[in-house]
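Some notes on the structure that comes next.
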Amino acid sequence: MTIVLRGYAPGDEDAVVALWHETGLTRPWNDPRADIRRKLTVQPELFFVAVEQPVDGTAETVVGTVMAGYDGHRGWLYYLASAPSHRGLGVGRMLVTEAERLLEAMGCPKVQLMVRPENEAVRGFYDDLGYEPFTAWTAGKRLIVDGPGSPA
Numbered sequence: 009m010t011i012v013l014r015g016y017a018p019g020d021e022d023a024v025v026a027l028w029h030e031t032g033l034t035r036p037w038n039d040p041r042a043d044i045r046r047k048l049t050v051q052p053e054l055f056f057v058a059v060e061q062p063v064d065g066t067a068e069t070v071v072g073t074v075m076a077g078y079d080g081h082r083g084w085l086y087y088l089a090s091a092p093s094h095r096g097l098g099v100g101r102m103l104v105t106e107a108e109r110l111l112e113a114m115g116c117p118k119v120q121l122m123v124r125p126e127n128e129a130v131r132g133f134y135d136d137l138g139y140e141p142f143t144a145w146t147a148g149k150r151l152i153v154d155g156p157g158s159p160a
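For the sequence shown, position 3 matches number 11 in our numbering, and the numbering has no gaps at all.
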């Protein structure tokens with residue numbers, strides 16, 4: 009088994025969305041397919057997947073994802089996921105390392121991410137990668153409603 013990183017391709021959509029559902033990254037108010045479409049219009053080179061390439065020549069399998077972005081001030085990591093079946097194999101580390109490399113090449117001085125309070129298990133992973141927690145009040149405002157009852 010070989011795991012490689014490559015840019016997201018349109019044929020990956022179903023596997024990526026399924027992985028996000030499996031790993032608990034989706035929320036009813038965020039349409040993951042709309043998030044993918046939006047990302048493909050802004051820095052699509054910062055959206056990539058980890059795929060397992062079997063030695064027998066069968067189809068590759070998406071086993072990880074990350075969406076990164078850079079706004080000129082800081083970078084962000086979103087939708088970082090590794091398949092539960094592949095945890096502990098370095099998939100998440102590979103994805104974060106590549107995202108950081110690409111962001112730094114763009115001149116990005118720092119990178120941040122958000123972790124939901126109930127996702128305590130992932131904090132040690134980020135600690136090991138050198139991410140430091142900080143306290144900030146975060147706020148958001150939805151400009152486009154994706155969830156149930158939203159316009160098509």
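Glycine is no exception: its CB is placed at the ideal position from the N, C-alpha and C atoms.
Predicted model, so just to flag it, every value in this text is computed and none were measured.
Contacting residues, own chain, Cβ-Cβ under 7 Å from residue i (five flanking each side not counted)
i: Val70; result: Asp20, Ala23, Val24, Leu27, Val57, Val59
i: Trp145; result: none
Status (buried if at least 16 other CB within 10 Å, exposed otherwise) for residue i
i: Phe55; result: buried
i: Val104; result: buried
i: Gly32; result: exposed
Chain-order list of residues whose beta-carbon lies under 8 Å from that of residue i (same chain, five-residue window excluded)
i: Tyr139; result: Leu121
i: Arg150; result: Trp37
Proximal residues to residue i (C-beta, below 6 Å), its chain only, five neighbours per side dropped
i: Ile66; result: Checking the sequence, you will find Thr at residue 66 rather than Ile. Here the set comprises nothing.
i: Ser90; result: Gly72, Val99, Gly100
i: Pro40; result: Val25, Trp28, Thr34
Cα-Cα separation, residue i to residue j
i: Ile152; j: Gln51; result: 20 Å
i: Asn7; j: Glu106; result: Nothing can be reported for residue 7, as the shown portion of the chain is limited to 9 through 160.
Whether residue i touches residue j by CB criterion (9 Å)
i: Ile11; j: Met102; result: yes
i: Cys116; j: Tyr87; result: no
i: Asp43; j: Met75; result: yes
i: Val119; j: Glu108; result: yes
i: Pro62; j: Glu68; result: yes
i: Leu48; j: Gly83; result: no
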